[in-house]
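Worksheet: the structure to be examined is printed underneath.
2 protein chains.
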Amino acid sequence: MDPPAKPEDDNGESMTGLTFRRATRADLEAIVDLLLDDPLGAAREDGSRPLNPRYIAGFEAVDRDPNQYLAVVEDGGRIIGSLQITFIPSVSRLGMWRGQIEAVRITRTRRGEGLGRQMFDWAIAECRQRGCELVQLTMDKTRTESFKFYEALGFRASHEGFKLSL
Amino acid sequence: MDPPAKPEDDNGESMTGLTFRRATRADLEAIVDLLLDDPLGAAREDGSRPLNPRYIAGFEAVDRDPNQYLAVVEDGGRIIGSLQITFIPSVSRLGMWRGQIEAVRITRTRRGEGLGRQMFDWAIAECRQRGCELVQLTMDKTRTESFKFYEALGFRASHEGFKLSL
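These protein sequence lines map, in sequence, to chains F and G. Using the working numbering, the letters of the first sequence correspond one by one to residues 1 to 166. Using the working numbering, the letters of the second sequence correspond one by one to residues 1001 to 1166.
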């Protein structure tokens, strides 16, 4: 994950020409490539072509769920990043909606430029626009370099994230 | 949260006569009462009647989303617990589905009997039936007494859970 952006990056896409848009089926190979190019992803993704059919089924399930937003980030027509937002309704906390951010990836050659900050600024604004009052994510504890990044965005590490593989 | 159940509780609903079912609008007051009767919930829920309209809107959003399962637990026709499962599709990890468990509550008079264990056993089985390969949850770090409960269920505290209030 990138360190916090320099101040001139704070205004996000309007100053940089980045395009954030919903992913389409045609973006799927690029998204899988981004997922693969990651220390944890390398061990659990499949780079073979044609695409593993599981990716296609996964994409279709995301795409037909109106509470999922799988986004790609383009710069000059080239996909340089992706992330997924899940909008979660609930009864608890006065019927609060929350936005959950997952699978944030930036292409290797563009890391360290503050794009991570811009992607989170965009994603948080999307959550706000959808009426969310909380944004949440979990971070693998081995990604120690990301801890301060999230704190700089205003996140608090208030929770333990438990996972159970089935 | 309950401590791990005694061995005789391990077979869940079949041995105990508990009923797990999808919540209906008629259950909403009971669910709000359960949410309120919690150290953290007491500060952020609203027990007024008629129900705060935000709860009704929240329930309706959950109810119309096929990837949400708001469940109530009944014993002899009385609601004694509730929980919410969110089924999350993704492209990452080979298009893996994950189940996310949230807002697990047990009525005050029935705590300490192993019901928490049975509720998780049921919820995990639901996740498996829906094709999830991972179950996840976050736990407020102030709920220190729950840590061992989740570990005993097989969960690993592999992640930091970050939250940002909007």
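Quick reminder that beta carbons are idealized off the backbone N, C-alpha and C, glycines included. No experiment lies behind these values; they were computed from the predicted model shown.
Asked: Does the Cβ-Cβ distance between Glu1045(G) and Ser92(F) come in under 9 angstroms?; Found: yes
Asked: Return the CA-CA distance between Phe1162(G) and Ala71(F), expressed in angstroms with no decimal places.; Found: 21 angstroms
Asked: Can you find the residues in the same chain that come closer than 8 angstroms, C-beta to C-beta, to Glu29(F), ignoring five residues on each side of it along the sequence?; Found: Arg49, Leu51
Asked: Between which two residues does the alpha helix (DSSP H) harbouring Leu1070(G) extend?; Found: Not the alpha helix (DSSP H): Leu1070(G) falls in the beta strand (DSSP E), residues 1068-1075.
Asked: I'd like the list of long-range same chain contacts for Gly1047(G), defined as Cβ closer than 6 angstroms, with 5 residues on each side in sequence excluded.; Found: Leu1036
Asked: Does DSSP classify Val91(F) as helix, strand or coil?; Found: coil
Asked: Using the Cβ count rule (16 or more neighbours within 10 Å means buried), how would you classify Leu1137(G)?; Found: buried
Asked: Would you kindly report the start and end of the unbroken beta strand (DSSP E) that includes Leu1164(G)?; Found: 1156-1165
Asked: Considering only residues of the same chain and omitting the five flanking positions on each side of Ala42(F), which have a CB-CB separation below 7 angstroms?; Found: Leu36
Asked: Would you kindly work out how many angstroms separate the C-alpha atoms of Ala157(F) and Glu1160(G), rounded to a whole number?; Found: 6 angstroms
Asked: When the distance is taken between beta carbons, is Gly99(F) closer than 9 angstroms to Ile88(F)?; Found: yes
Asked: Whose CA, out of Pro1053(G), Leu1134(G), Glu1145(G), lies closest to the CA of Arg1094(G)?; Found: Before going on, a small fix: residue 1094(G) reads as Leu here, not Arg. Of the listed residues, the one whose Cα sits closest to Leu1094(G) is Leu1134(G).
Asked: Would you mind telling me which residues of chain G sit closer than 8 angstroms to Thr138(F), beta carbon to beta carbon, in chain order?; Found: Gln1136, Thr1138, His1159, Glu1160, Gly1161, Phe1162
Asked: If you measure beta-carbon to beta-carbon, which residues of the region 27-56 of chain F are closer than 9 angstroms to chain G?; Found: Leu28, Ile31, Val32, Leu35, Gly41, Arg44, Glu45, Asp46, Asn52, Pro53, Arg54, Tyr55, Ile56
Asked: What does the Cβ neighbour count give for Gln84(F), buried or exposed, with the cut at 16 atoms within 10 Å?; Found: buried
Asked: Compute the beta-carbon to beta-carbon distance between Glu1081(G) and Leu1034(G), rounded to the nearest angstrom, for a pair I have assumed lies under 8 angstroms.; Found: It is Gly, not Glu, that sits at residue 1081(G) in the sequence shown. Confirmed, Cβ separation roughly 7 angstroms.
Asked: Can you tell me whether DSSP reads Asp1140(G) as helix, strand or coil?; Found: strand
Asked: Inspect the beta-carbon positions of Thr19(F) and Glu102(F) and report whether they are closer than 9 angstroms.; Found: no
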